[in-house]
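The block underneath contains the structure these notes are about, expressed in structure tokens.
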Amino acid sequence: MEVLILWTLGMWAVQLLIEWLIYRLQGRRMTGVQYILPCVALLGGAVVIMISIEIGGWNGIGYALLGASLGAAGMLTLITVAITDVVFRRRRRN
1 MEVLILWTLG
11 MWAVQLLIEW
21 LIYRLQGRRM
31 TGVQYILPCV
41 ALLGGAVVIM
51 ISIEIGGWNG
61 IGYALLGASL
71 GAAGMLTLIT
81 VAITDVVFRR
91 RRRN
């Protein structure tokens with residue numbers, strides 16, 4: 001189970017790094033582009049879980065855990081990006 005947690009945190013870190021690079025390339029502005037990667041990760045996790053249902057058995061359980069990990073990393077990234085966007089908007093207003 002520790003491996004699954006580490007895998008989720010690793011994917012979250014990679015997604016945040018990609019988000020930071022996108023932020024820097026856009027001239028330090030938050031735009032709607034930052035919301036695309038987490039949504040794709042969530043969708044990918046759901047697709048992997050649906051495929052794992054078709055596989056079944058122990059292999060299917062493994063793929064379902066991988067899909068859940070991918071979806072959790074996408075959700076963590078989406079929450080992080082949303083909080084960052086709110087903080088930046090409040091700072092701009094003041």
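For the sequence shown, the UniProt record's numbering gives the first residue as 1, with consecutive numbering after it. Note that the Cβ used here is the ideal one computed from N, Cα and C, for glycine as well. Being a predicted model, the structure only gives us computed values, none of them experimental.
Could you pull the start and end residues of the alpha helix (DSSP H) that residue i belongs to?
i, result
"R89", "57 to 93"
"Y23", "2 to 25"
Alpha carbon to alpha carbon, how far is residue i from residue j?
i, j, result
"T77", "M1", "21 angstroms"
"W7", "A72", "10 angstroms"
"I53", "L9", "24 angstroms"
"Y23", "M11", "18 angstroms"
"G32", "Q26", "11 angstroms"
"G57", "A64", "11 angstroms"
"G62", "S69", "11 angstroms"
* To do: Examine the Cβ distances between the region 25 to 38 and the region 46 to 61 and report whether three or more of them are shorter than 8 angstroms.
  => no
Worksheet entry | Segment contact flag, the region 15 to 23 with the region 63 to 79, C-beta cutoff 8 angstroms, min 3 pairs | yes
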